[in-house]
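These protein sequence lines are chains A and B, in that order. Residue 119 is where the first sequence starts when you use my numbering, and the numbers rise one by one after that. Residue 110 is where the second sequence starts when you use my numbering, and the numbers rise one by one after that. Quick notes on the structure that follows.
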Amino acid sequence: DTGVSQNPRHKITKRGQNVTFRCDPISEHNRLYWYRQTLGQGPEFLTYFQNEAQLEKSRLLSDRFSAERPKGSFSTLEIQRTEQGDSAMYLCASSQSLDAGYNEQFFGPGTRLTVL
Amino acid sequence: KNQVEQSPQSLIILEGKNCTLQCNYTVSPFSNLRWYKQDTGRGPVSLTIMTFSENTKSNGRYTATLDADTKQSSLHITASQLSDSASYICVVRAGGYNKLIFGAGTRLAVHP
């Protein structure tokens with residue numbers, strides 16, 4: 119399978135614990151995005167990388183959230199001291215950076231986080 | 110403020126019937142508009158992408174239209190199938206930005 123993959127697919131944790139999610143983008147894509155989606159809503163942008171550089175972060179990304187893409191390939195999203203409000207689907211997407219064209223983003227299946 | 114609004118919020122139709130979903134946006138400057146299909150518990154999958162110069166684009170039984178003057182788009186589904194049951198999300202990319210602005214989606218249920 120050459121699509122975007124995310125692990126784990128589901129995570130249940132207790133409030134106050136730390137969690138880390140992983141995203142493996144499509145191999146030739148140099149851009150990687152993280153989104154959060156709550157029930158009944160569209161995804162909300164969290165952050166984006168071009169290669170290993172984190173170029174933009176949303177105000178939604180509080181100081182408890184950190185994302186890395188150390189070698190410009192896979193990325194991790196860590197949430198520290200989880201709160202019940204963090205319960206959501208966390209989606210990763212990747213794209214190529216093209217001078218022209220749509221720069222279409224391809225999404226992974228998501229990681230569903232439940233904070234008890 | 111850049112926003113994307115979709116209607117209806119949810120829709121139930123019988124298998125074989127057609128339906129049309131609406132999307133209004135206030136995004137400037139406009140770059141392109143996409144429709145995604147999202148099955149429950151899965152990531153969104155792109156159906157169509159249109160720039161301001163494209164009025165209509167088809168992908169099988171899905172046909173999207175775009176009116177850049179009125180900032181409206183629609184997604185028409187022909188001869189619906191049970192597998193069309195999903196959320197359909199309208200997404201607009203603002204020119205010069207790499208992030209996408211998502212609507213809340215229309216949840217479509219196709220019943221036999």
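Virtual Cβ for every residue (Gly too), placed ideally from N, Cα, C.
With distances taken between CA atoms, A/Gly-158 lies nearest to A/Met-207 out of A/Gln-172, A/Met-207, A/Gln-202. Nearest in C-alpha terms to A/Pro-161, of all of B/Thr-172, B/Arg-170, B/Val-113, is B/Val-113. Taking the Cα positions, A/Glu-174 is about 6 angstroms away from A/Thr-165. The beta carbon of B/Leu-191 sits closer than 7 angstroms to those of Glu-124, Val-219, Pro-221, all from its chain and outside the five residues before and after it, given in chain order. Under the rule that a run must span 3 or more residues, the beta strand (DSSP E) segments found entirely inside the region 163–191 of chain A read 171–175, 183–186. The region 172–187 of chain B makes no contact with the region 147–155 of chain A, as fewer than three CB pairs between them are under 8 angstroms.
Judged by beta-carbon spacing, B/Val-200 lies beyond the 8 angstroms limit of B/Phe-139, meaning their Cβ atoms are not closer than that value. A buried status is given to B/Gly-152, since no fewer than 16 other beta-carbon atoms sit within 10 Å of its beta-carbon. Bridge pairing for B/Ile-121: B/Ala-218 [DSSP].
Classified as exposed, B/Asn-111 has fewer than 16 neighbouring CB atoms from the shown chains inside 10 Å of its CB. A/Arg-133 sits close to A/Glu-201, with the two beta carbons spaced by under 8 angstroms. By the criterion of a C-beta distance shorter than 8 angstroms, B/Leu-209 is surrounded in its chain by Arg-143, Val-200, Val-201, Arg-202, once the five residues flanking it on both sides are discounted. With 16 or more other Cβ atoms inside 10 Å of its own Cβ, B/Lys-146 counts as buried.
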